[in-house]
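Heads up: the structure comes next, in structure tokens.
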DNA sequence: TTGACATATTCCCATATAGGAATATATTGG
DNA sequence: CCAATATATTCCTATATGGGAATATGTCAA
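Residue numbers (this note's numbering), protein chains in the order written: chain A, 28 to 136; chain B, 28 to 136.
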């Protein structure tokens, strides 16, 4: 077997750093493909391919306006990632509390 | 170019569903490899390989106890994922608020 | 209709998988 | 030291990827 497809879910789609860059950029506002191309430093075909992956997993939505295609983030599709990470929140808070505790012990000496 | 290595960062490491399963299991408590093998339905070599990836990106820590290797989650390594997703939190709250608003309008009819 | 602009798709290829199978390494008890 | 247990590593292979290059598709303006 090989790796899970990039389009299999949001986790795989955002594993690619360029796609996270694109999503970060789109978080500010809806953008056309050429705006994205200008903002990122990538060829237009690459951008289009990344956008296709993002669209396939529902991380972005699109609408046409004349010759342009306007992409925007579908933030609710990112929520499952957030939810998965929060199951570990208790653990890292616990870890951080320990670190702080140790730091205070040191100061007390 | 090919895909970014699974060991390149936490995002790529957790893209594999089996590795998320393992992390979920380890979230409960520290576990030996054989306990993980029993809990997941996978061959031991596969588990060891997944654990290596998780260790390489710092998502788990290990200690030896006799013949056993005890793995535990390093939750702070998951935090960057959480932080990235929270940059979109405002957006999905906004979206959900809209959905709710529309639902209430309907009820008013 | 034609040309220009905006975006998408196809073809090519080097590369890193994940799992299966087999084997290697490490540790302990006797 | 040896056998048993626990874990890691190596070899193999089908597969999907991301970028580059070239090209196709779609839309508007005149």
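All residues carry an ideal CB built from backbone N, CA and C; glycine is no exception. Predicted, not measured: the structure shown is a model, and the values here were computed from it.
Which word fits residue i, buried or exposed, when buried means at least 16 other C-beta atoms lie within 10 angstroms of its C-beta?
i, result
"residue 40 of chain A", "buried"
"residue 129 of chain B", "exposed"
"residue 106 of chain B", "buried"
"residue 92 of chain B", "exposed"
"residue 112 of chain B", "buried"
"residue 77 of chain A", "buried"
"residue 126 of chain B", "exposed"
"residue 114 of chain B", "exposed"
"residue 34 of chain B", "exposed"
Please classify residue i: does DSSP put it in a helix, a strand, or coil?
i, result
"residue 61 of chain A", "helix"
"residue 86 of chain A", "coil"
"residue 40 of chain B", "helix"
"residue 124 of chain A", "helix"
"residue 74 of chain A", "helix"
"residue 110 of chain B", "helix"
"residue 101 of chain B", "coil"
"residue 130 of chain B", "helix"
"residue 66 of chain A", "helix"
"residue 30 of chain B", "coil"
Under 8 Å by Cβ, that's how I've got residue i and residue j pegged, so tell me the actual separation to the nearest angstrom.
i, j, result
"residue 118 of chain A", "residue 102 of chain B", "4 Å"
"residue 97 of chain A", "residue 58 of chain A", "7 Å"
"residue 74 of chain B", "residue 60 of chain B", "6 Å"
"residue 81 of chain A", "residue 46 of chain A", "6 Å"
"residue 38 of chain B", "residue 42 of chain A", "5 Å"
"residue 64 of chain B", "residue 71 of chain B", "5 Å"
"residue 53 of chain A", "residue 100 of chain A", "5 Å"
"residue 31 of chain B", "residue 44 of chain A", "7 Å"
Name the one or two DSSP bridge partners that residue i has.
i, result
"residue 52 of chain B", "Looking at the DSSP assignment, residue 52 of chain B forms no beta bridge with any residue, so it has no partner."
"residue 96 of chain B", "B:91"
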